[in-house]
Amino acid sequence: MSLGPLLSASPPIPWHAFAAFAALVIGGAQLALPKGTPRHRVFGYVWAALMLAIAISSFWIQQIRLIGPFSPIHLLSILVLATVPLAVWHAHSHRVAAHRGAMIKLYVFALIGAGVFTLLPGRIMHTVVFGQ
Numbered sequence: 002m003s004l005g006p007l008l009s010a011s012p013p014i015p016w017h018a019f020a021a022f023a024a025l026v027i028g029g030a031q032l033a034l035p036k037g038t039p040r041h042r043v044f045g046y047v048w049a050a051l052m053l054a055i056a057i058s059s060f061w062i063q064q065i066r067l068i069g070p071f072s073p074i075h076l077l078s079i080l081v082l083a084t085v086p087l088a089v090w091h092a093h094s095h096r097v098a099a100h101r102g103a104m105i106k107l108y109v110f111a112l113i114g115a116g117v118f119t120l121l122p123g124r125i126m127h128t129v130v131f132g133q
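In structure tokens, the structure reads:
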């Protein structure tokens, strides 16, 4: 495993990847630790900001071009941009079940699910993890 290919990639690819890794770690902690605590709220805001940064930065990553400069993954980015604020609003409105469901789906599908596709041959993260 070598971070060389990631660090030599053009911006915003490294920012996007490091934000995604941070969101993966923080999100996992959020799911495992007690809910409703001040720590949960602070890390929740950090995680939400990371998710928004990941989604926004994805629009400048255009290696796979299926629809003009975009790919189907950009539809997921649009969904994340809509879902993150909605999930935060659910928390503020004390709609705990809706908040929990949205956050778990974002973590599983937008982070883990999309992350799996970055490991496909020919992608930078495949080279980082598995080498050439």
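Position in the sequence shown counted from 1, then plus 1, gives you our numbering. Note that the Cβ used here is the ideal one computed from N, Cα and C, for glycine as well.
Secondary structure of residue i, DSSP reduced to three states
i      : result
Lys36  : coil
Thr84  : helix
Ile113 : helix
Ala56  : helix
Met2   : coil
Ala10  : coil
Arg42  : helix
Leu25  : helix
Trp61  : coil
His75  : helix
Cβ shell of residue i (< 7 Å), same chain only, five flanking positions each side left out
i      : result
Ala103 : Thr84, Leu87, Ala88 and His91
Ala56  : Ser78, Val81 and Leu82
Phe110 : none
Environment of residue i [buried if 16+ CB atoms lie within 10 Å]
i      : result
Gly29  : exposed
Ile113 : exposed
Val117 : exposed
Gln133 : exposed
Ser58  : buried
Val43  : exposed
Gln31  : buried
Ala33  : exposed
Ala98  : exposed
Nearest to residue i (by Cα), restricted to the options the options
i     : options                         : result
Ala49 : Pro15, Val117, Leu82 and Ile125 : Leu82
Leu51 : Pro12, Leu107, His75 and Leu34  : Leu107
Phe60 : Thr128, Trp16, Lys36 and Leu4   : Trp16
His93 : Leu120, Gly45 and Leu76         : Gly45
Val47 : Pro35, Ala20, Ile62 and Gly37   : Ala20
Ala18 : His95, Ala54 and Leu34          : Ala54
Ile74 : Ala10, His127, Ala115 and Ala98 : Ala115
Integer Cβ distance of residue i from residue j, believed to fall under 8 Å
i      : j     : result
Ile125 : Ile14 : 6 Å
Contacting residues, own chain, Cβ-Cβ under 6 Å from residue i (five flanking each side not counted)
i      : result
Arg101 : none
Ala23  : Leu51
Contact set for residue i: own chain, Cβ-Cβ below 8 Å, skip 5 residues either direction
i      : result
Val130 : Met2 and Leu120
Ile62  : Pro13, Ile14 and His17
CB contact check: residue i to chain C, cutoff 8 Å
i      : result
Ala115 : As a matter of chain content, chain C is missing from the structure shown, which is built from one protein chain.
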